[in-house]
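Colleague:
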Amino acid sequence: MTLTSQLDDGALGTWFAGRFPGTGRLVESIATAALRVEPVRSADPAGPGHRVAVDGAFRARLALLVDGAPPYGALFGLVRAGLVSREWADRTAASFPSHRGLDAGRAARGLAWRPTPGGWVDLDGPVPRSSPTRHEPVLSEFFGRLVRYLDGHAAAGILGTPNVEAGFARMCVLLAGWASAELPVALLELHARQDYAVDDLWDLPEEAVVVELAAVAERLRQTDGDPRDRPLELWRGWGHDYAEPAGPAALKRADTGQAGSGLPAGVWGVSAPVLVPRWAEADLLIGSRLLDVRTDTDDPDRLARGLWRLAAHTWLDTTDRYRVQAVGFYLARHGLHVTWDATTFTHALLGSAKGADAARKEFRRIAREVITAEGGHPPRTGLKVPWRSRS
1 MTLTSQLDDG
11 ALGTWFAGRF
21 PGTGRLVESI
31 ATAALRVEPV
41 RSADPAGPGH
51 RVAVDGAFRA
61 RLALLVDGAP
71 PYGALFGLVR
81 AGLVSREWAD
91 RTAASFPSHR
101 GLDAGRAARG
111 LAWRPTPGGW
121 VDLDGPVPRS
131 SPTRHEPVLS
141 EFFGRLVRYL
151 DGHAAAGILG
161 TPNVEAGFAR
171 MCVLLAGWAS
181 AELPVALLEL
191 HARQDYAVDD
201 LWDLPEEAVV
211 VELAAVAERL
221 RQTDGDPRDR
231 PLELWRGWGH
241 DYAEPAGPAA
251 LKRADTGQAG
261 SGLPAGVWGV
271 SAPVLVPRWA
281 EADLLIGSRL
291 LDVRTDTDDP
301 DRLARGLWRL
311 AAHTWLDTTD
321 RYRVQAVGFY
331 LARHGLHVTW
341 DATTFTHALL
351 GSAKGADAAR
361 KEFRRIAREV
371 ITAEGGHPPR
381 TGLKVPWRSR
391 S
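Under full-length UniProt numbering, think of the first position of the sequence shown as 1, with each following residue one higher.
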């Protein structure tokens with residue numbers, strides 16, 4: 001199980017339901033905010049998997065937008081499915097903008113290394129070697145195209161033109177498919193062919209999904225309403241200092257040997273912050289704000305579990321690695337944020353300004369038991385990740 005499955009049907013979900021009486025009120029506030037704006041909806045959905053495809057693909061697009069990092073889930077999914085070797089996946093990860101400053105030893109294990117505000121973190125031990133596969137040449141061409149898109153059309157911090165975003169949409173549908181627990185049938189059938197090419201991958205996503213994803217991306221820079229509420233401008237402001245010489249990213253890249261931060265211009269934070277390897281991973285850290293991306297707001301129970309997920313992520317960051325000061329949802333189809341100061345958020349869930357420390361300790365105790373029982377490694381407690389000097 002993972003944190004998500006625990007919240008769906010596990011001990012932690014039961015604990016949150018009983019411990020957080022303020023959940024319903026926060027869910028209502030999110031639903032009320034969503035009513036202010038007409039959401040993006042496809043006039044001609046592609047079928048029962050349409051909404052799932054849009055959700056996964058848009059999360060993948062936002063990850064690329066925030067820091068230009070490798071699509072970790074997709075690369076691990078390709079390895080898990082036996083479509084590529086781990087060595088190929090590590091090399092491919094190292095080709096992405098966020099990882100280009102790694103030395104040769106770390107680049108050879110590109111998937112294992114993740115950037116955080118406090119430094120590079122090695123999330124994986126030694127991995128068994130495996131043989132190259134017949135899929136790797138085609139997939140190398142595909143991922144090369146994705147990296148060229150980032151370099152040539154929309155680097156970290158830049159949203160492309162509608163045509164460029166349509167191209168990203170096609171690629172991100174595939175990334176989401178590879179990252180899923182079970183590969184979509186159409187993708188499985190394509191990989192089963194002996195003669196498929198990169199253009200076959202490009203043509204695979206349904207046109208209705210691509211069109212809707214481009215429209216959802218456009219909501220990031222919507223022009224109506226108060227300019228201060230435009231998502232792209234807000235994110236740029238939140239992450240403005242992240243890659244600056246004196247900002248967190250300079251500390252994050254202090255051990256690369258590069259001048260300054262070593263980060264591409266425009267990096268706003270961290271995509272896919274890992275709280276517990278292979279068990280708890282957040283969506284986005286922008287500046288000091290931890291965001292959960294939501295493409296649908298019509299299921300109160302899912303929204304409630306999303307709130308619990310945010311709380312769990314802040315409490316699982318036992319060493320303050322990600323410096324989280326605020327949390328919230330980004331309602332992607334609406335182009336809206338609902339955010340809270342981290343302390344205010346906890347008090348709202350508890351329904352009281354008292355008892356937060358006791359609840360956090362209780363959660364961590366249960367989480368340690370659950371993670372250990374599932375074969376994982378609970379996060380350390382009692383230590384703080386030091387800020388690194390630039391010398």
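We treat Cβ as the ideally placed atom computed from N, Cα and C, and that holds for glycine.
1) Please identify the residue among A31, R25, P21 whose C-alpha is closest to the C-alpha of D298.
2) If we ignore side chains and look at the alpha-carbon of each, how far apart do S5 and W279 end up?
3) Is DSSP giving G376 helix, strand or coil here?
4) Considering only C-alpha positions, which residue in the set G47, R36, G56 is nearest to R294?
5) Our contact map puts T339 next to G351 with C-beta atoms below 8 Å; I'd like the distance itself, whole angstroms only.
6) When the Cα atoms are used, what is the spatial distance from V173 to W308?
7) Which of the three DSSP states is assigned to V327 in this structure?
8) For V210 versus F58, is the C-beta spacing smaller than 7 Å?
9) Closest to S95 by CA distance: which of A108, S85, L83 is it?
10) Decide if the stretch 113-128 is in contact with the stretch 317-336; the criterion is three or more beta carbon pairs, one per stretch, under 8 Å apart.
11) Any idea what DSSP makes of T381, helix, strand or coil?
12) Taking only runs that begin and end inside the stretch 95-133, name each unbroken beta strand (DSSP E) of 3 or more residues, in chain order.
13) Does DSSP classify W340 as helix, strand or coil?
14) State the start and end residues of the unbroken alpha helix (DSSP H) segment that holds V147.
15) Determine the contact status of L213 and A169, defining contact as a CB-CB distance below 7 Å.
16) Can you tell me which of R380, E207, E374, A89 puts its alpha carbon nearest to the alpha carbon of R129?
17) Check for me: the alpha helix (DSSP H) holding G56 runs from which residue to which?
18) On the criterion of 16 or more Cβ atoms from any shown chain inside 10 Å, does L234 qualify as buried, or is it exposed?
19) Let me check understanding here. Comparing Cα to Cα, which of R305, R364, T161 lies closest to P21?
20) How is the beta strand (DSSP E) around L285 delimited, first residue to last?
21) Around the Cβ of V185, are there at least 16 other Cβ atoms within 10 angstroms (buried) or fewer (exposed)?
Modeller: According to the structure data:
1) Cα-wise, what sits closest to D298 is A31.
2) 10 Å
3) coil
4) Nearest in C-alpha terms to R294, of all of G47, R36, G56, is G56.
5) For a cut-off of 8 Å, the C-beta gap from T339 to G351 is around 19 Å, too long to register as a contact.
6) Roughly 27 Å separates the two Cα atoms.
7) Three-state result, V327: strand.
8) no
9) A108
10) yes
11) coil
12) 113-116, 119-122
13) strand
14) 136-152
15) Against a cut-off of 7 Å, the Cβ pair of A169 and L213 comes out as a contact.
16) A89
17) 50-67
18) buried
19) R305
20) 284-286
21) exposed
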